[in-house]
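Q: If you scroll down you'll find the structure; I have some questions about it.
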Amino acid sequence: MPLEVLGARGGTLLARAGHCPQGARLVWRDARGTVVADGERVDDPVPDEALTVTATCGDRRAGAVLAVRSVFSTSSAFAILREDGTVTAWGSPAAGGDMGGREPRGAIQIAASERAFAARGRDGGVVAWGDAAAGGDIGRPLSGIAGLYGLHRGFLARGADGRAHVWGSAIRPFDEDGNQDNLSDVLDAPALDALRNATHVVSSLGGHAVLKRDGRVAAFGDAQVGGDVSPVADDLSDVVRLVATDYSMAALLADGRAVVWGGVTDPGVHAGGLSGGVLSLASNSAVHALLHADGSVNVLGVGLLGRGEEISGVRGRLTAVRRIYASKTAFAALGHDGRVVGWGDDERIGESFREVEPRLRDVVSIASTETSFAALTRDGRVVTWGEARTGGDSRAVAPELTGVALLFANDYAFAALKTDGTVVTWGAAGEGGDSSSVRGMLRDVRAIHSTPLGGFVAIRRDGTLVAWGSASAGGVLPRSHASRVPHSVVNSLRSQYRS
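First residue of the sequence shown: 15, per the working numbering; consecutive thereafter.
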C-alpha cells in the first residue's frame, strides 16, 4: 500500500494512502509513540521531533517517518539545517542570509528572530548571524546551552542548568524616536532568574512572554505590550499555550481558561468564564480570537483598528466553529459543516468575502497572506478573497487551481501544491506570485516554505530545492548553496508494518 506525505514541517501535513477503496485509517504519533492526531490532514503538532504516520487498510499497513523541521526563516532569509549538522543560509544579508564566515558545525537546532538566526551545537555552544541589533551578535561565548528561542529582535538561550541568557534589542514600540535598548543591559540578575527553565517564548512588538517547565509564565519588555505579567501572574498556572499580537499576550490554561494581558480592550480579562471553556486561540496583529468548546467565538484586543475586535455583526453565525484562521488584519472561522465566516478589515477584505461566501462550501483548510485569504475545498478547488495585490484575486490562475492538495503563503502571495506535484502561484508578482521563471523545475514538489517578505522555496521528492520570489527575501537560491533536504522516509518501518 503506497503512502505519501505532503507539506512543510510546522504547517499543515497531508498523508495519502493508495489502493484502499474504503479509505485508509491514518494515525500520527510523536517520537514517544503517543498519538497526536488522526485523519489525513493535520496541523503539525511537533515540528522539532520526528513524526510518524501509519495507514491501515484492512490487514495491510504502511508507515512513514517525517524528518524533523530543517528549514527556518527570518523576515527575509532562509536557513537549512542539514543532517550532518552543517547550515546553509541565503536571502537578505541584513536578515541572516549571509553567515559572514560564522558557519556552525555539529548544529542540532536553529532559532530565528525577525532579522537573525542562532544555531545550537551538540557541544552546547551557540553561533549567531544576521542583524547584530536583532540578535546576530551574541557578544560573548555561550556554552552548556540546551535550548534556543527566537524573540522579536533577539534570542533567549536556556542553559542545561535552566538559567536564561538573552541578547538582542529591547524595542520601545511607542517611542517616536525609535529608541531601543540592549536586552543584556535592561535585564538584571533577578529578572533573568525569573526566566529559568523556559520551554517556549512568544513576542509582541516590544514584550516577551516565557512559558516555563512548571506551566507558569514570566514576561519582560515593554509593559504596554505585554512585557509585564504581574497583574495576572497569580492566574497563570498550568499554561499549555502562549500567543501574541503586536500589542498583547494570551495564555491558554489546561482547564480551558484563557488569560489576556498587555494592550487589550480590557487588560487582564479572564476569558475562562465564557461558556464552555476555551479550546484554542488564534491571533492577528491586534486581536485574539477565542474558540470555545461549544463552537462559539469571542474576541479580545485593541479597539478602533478594525482588525476583528468587533464581531456583533457575525456572532450569530459563529456557531459550530472547528478552527479559526488569521491574516494580519482579519479572521476566518471554518465550521464543522465546511462553511466559512469572515470578519475584520472590512475595507480591504469584507466586500470580497461577501462576494465569494456562497462558494465557500466543503472547505478543509485556509491559508492567508497579510490581507487576503485562500480556502481549499474538499474537491481540490481554491476560493480567494481580500486585497487583490496580496492574492485576494486568483482569477488569472483559476483554470489551474484544480486538484490542489495544500496551500502555502507569505505576506504577499500564495502557492498551491497540486496532487500531481506541480505548483500554482498568484499575488504580488515580485514577492512570489509569479513563478514562471522556475515553472519547469516545480515538479514532484512535496513541501513549500516561505519568508514573510516575499520568498518561497520548494522541496522536491529527491530533496532538491527550488526558490522563487524576491531575491532580497530568499527567492533566489545561489548555485553555491545547492542542497538536499530530507522530507520523509517512506516505509522505513518495514519491520513493524506491512506495505
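C-beta: ideal position from N, C-alpha, C; glycine also.
Could you give the residue range of the alpha helix (DSSP H) that holds glutamate 369?
A: Start and end: 365-370.
Q: Kindly indicate which residue of Ala147, Arg134, Asp145, Ile185 has the alpha-carbon position closest to the one of glycine 158.
A: Nearest option by C-alpha distance: Arg134.
Q: Under 8 angstroms: do the stretch 448-468 and the stretch 406-416 share three or more Cβ pairs, one atom per stretch?
A: Flag = no, the stretch 448-468 and the stretch 406-416 do not touch.
Q: With DSSP as the reference, label threonine 259 as helix, strand or coil.
A: Three-state result, threonine 259: coil.
Q: What is the residue span of the alpha helix (DSSP H) that alanine 81 lies within?
A: No alpha helix (DSSP H) contains alanine 81, which DSSP labels as neither H nor E.
Q: Kindly indicate the opening and closing residues of the alpha helix (DSSP H) around valine 200.
A: From DSSP, the alpha helix (DSSP H) with valine 200 extends over 197-200.
Q: Tell me the residue span of the alpha helix (DSSP H) that contains aspartate 207.
A: Per DSSP, aspartate 207 belongs to the alpha helix (DSSP H) from 203-207.
Q: Report yes or no: do the stretch 439-453 and the stretch 355-375 share at least 3 C-beta pairs separated by less than 8 angstroms?
A: The answer is no - the stretch 355-375 does not touch the stretch 439-453, with fewer than three Cβ pairs under 8 angstroms.
Q: Residue range of the beta strand (DSSP E) that aspartate 52 falls in?
A: Residues 49-52.
Q: What separation, rounded to the nearest whole angstrom, lies between the Cα atoms of arginine 512 and aspartate 476?
A: For arginine 512, the predicted model reports a pLDDT of 33, less than 50, meaning its position is unreliable and no value from the coordinates is stated.
Q: On the three-pair Cβ rule with 8 angstroms, is the stretch 432-446 touching the stretch 390-410?
A: Yes: at least three Cβ pairs fall under 8 angstroms.
Q: For threonine 333, collect the residues of the same chain with a Cβ closer than 7 angstroms to its Cβ; drop the 5 residues on either side in sequence, then sort them by chain order.
A: Counting only Cβ-Cβ distances below 7 angstroms, and skipping sequence neighbours, we find Gly309, Ser310.
Q: Since alanine 388 is in the beta strand (DSSP E), which residue starts that stretch and which ends it?
A: First-last of the beta strand (DSSP E) with alanine 388: 386-391.
Q: Do the stretch 161-171 and the stretch 211-227 meet, that is, are 3 or more Cβ pairs less than 8 angstroms apart?
A: Yes, the stretch 161-171 touches the stretch 211-227.
Q: Excluding the 5 residues preceding and the 5 following leucine 80 in the sequence, name in chain order all residues of the same chain whose CB lies nearer than 7 angstroms to its CB.
A: Within the same chain, leucine 80 has close Cβ partners Val19, Arg23, Ala64, Leu65, Ser502.
Q: Cutting at 6 angstroms between CB atoms, please list the residues of its own chain near arginine 362, excluding the five before and the five after it.
A: These residues qualify, in order along the chain: Thr385, Glu401.
Q: So, with DSSP's three-state summary, where would you put glutamine 123?
A: Here glutamine 123 sits in strand by DSSP.
Q: Rounding to the nearest angstrom, what Cα-Cα distance links serine 262 and aspartate 236 in this structure?
A: Roughly 10 angstroms separates the two Cα atoms.
Q: Cβ atoms of phenylalanine 345 and alanine 381: under 7 angstroms apart, would you say?
A: Their beta carbons are not under 7 angstroms apart, which means alanine 381 does not touch phenylalanine 345 by this criterion.
Q: Can you confirm whether the stretch 210-221 touches the stretch 183-197 when touching is taken to mean that 3 or more C-beta pairs between the two stretches lie within less than 8 angstroms?
A: Yes: at least three Cβ pairs fall under 8 angstroms.
Q: Valine 499 to arginine 96, Cα distance in whole Å?
A: The alpha-carbon atoms of valine 499 and arginine 96 are separated by roughly 7 angstroms.
Q: List, from N- to C-terminal side, the beta strand (DSSP E) runs of 3 residues or more that fit wholly inside the stretch 95-164.
A: Runs found: 101-105, 121-126, 130-135, 140-144, 159-164.
Q: To test your reading of the DSSP string, which unbroken beta strand (DSSP E) runs of 3 or more residues are found completely within the stretch 25-71?
A: Here the runs fully enclosed are 26-31, 39-43, 49-52, 55-57, 65-71.
Q: Count the other CB atoms within 10 Å of the CB of alanine 69; is the residue buried (16 or more) or exposed (fewer)?
A: Its Cβ being crowded by 16 or more others within 10 Å, alanine 69 is buried.
Q: Judging by CA-CA distance, which residue of Gly241, Asp269, Val239 is the nearest neighbour of serine 251?
A: Minimum Cα distance to serine 251 is reached at Asp269.
Q: Here's the rule: buried if 16 or more other CB atoms are within 10 angstroms of the residue's CB, otherwise exposed. What is proline 492?
A: So proline 492 ends up on the exposed side.
Q: DSSP has glutamine 194 in a bridge; who is on the other side?
A: DSSP output for glutamine 194 lists Ile185 as bridge partner(s).
Q: Secondary structure at threonine 398, three-state DSSP: helix, strand or coil?
A: Note: threonine 398 maps to strand in three-state DSSP.
Q: Assign histidine 33 to one of two classes, buried (16 or more other C-beta atoms within 10 Å of its C-beta) or exposed (fewer than that).
A: Histidine 33 comes out exposed.
Q: Take alanine 108 and list the residues in its own chain whose beta-carbon comes closer than 7 angstroms to its own, dropping the five residues that flank it on each side.
A: Result list for alanine 108: Arg129, Asp145, in chain order.
Q: Closer than 7 angstroms by C-beta to arginine 508: which residues in its own chain qualify, once you throw out the five before and the five after it? Chain order, please.
A: Reliability of the predicted coordinates at arginine 508 is poor, the pLDDT of 33 falling under 50, and the value obtained from them is presented with this limitation in mind. Closer than 7 angstroms at Cβ, skipping near neighbours: no residue.
Q: Taking the beta strand (DSSP E) that lysine 432 belongs to, which residues open and close that run?
A: Start and end: 427-432.
Q: Would you kindly work out how many angstroms separate the C-alpha atoms of aspartate 57 and leucine 420, rounded to a whole number?
A: Straight-line Cα distance between these residues: approximately 12 angstroms.
Q: Using the beta-carbon count (16 or more within 10 Å), is serine 106 buried or exposed?
A: The residue in question, serine 106, is buried, as its Cβ has 16 or more Cβ neighbours within 10 Å.
Q: With DSSP as the reference, identify every bridge partner of histidine 463, one or two as the case may be.
A: Bridge partners of histidine 463: Val471.
Q: Closest to alanine 461 by C-alpha separation, out of Val274, Ser84, Leu40, Ala31, would be which residue?
A: Of Val274, Ser84, Leu40, Ala31, the residue nearest in Cα terms is Ser84.
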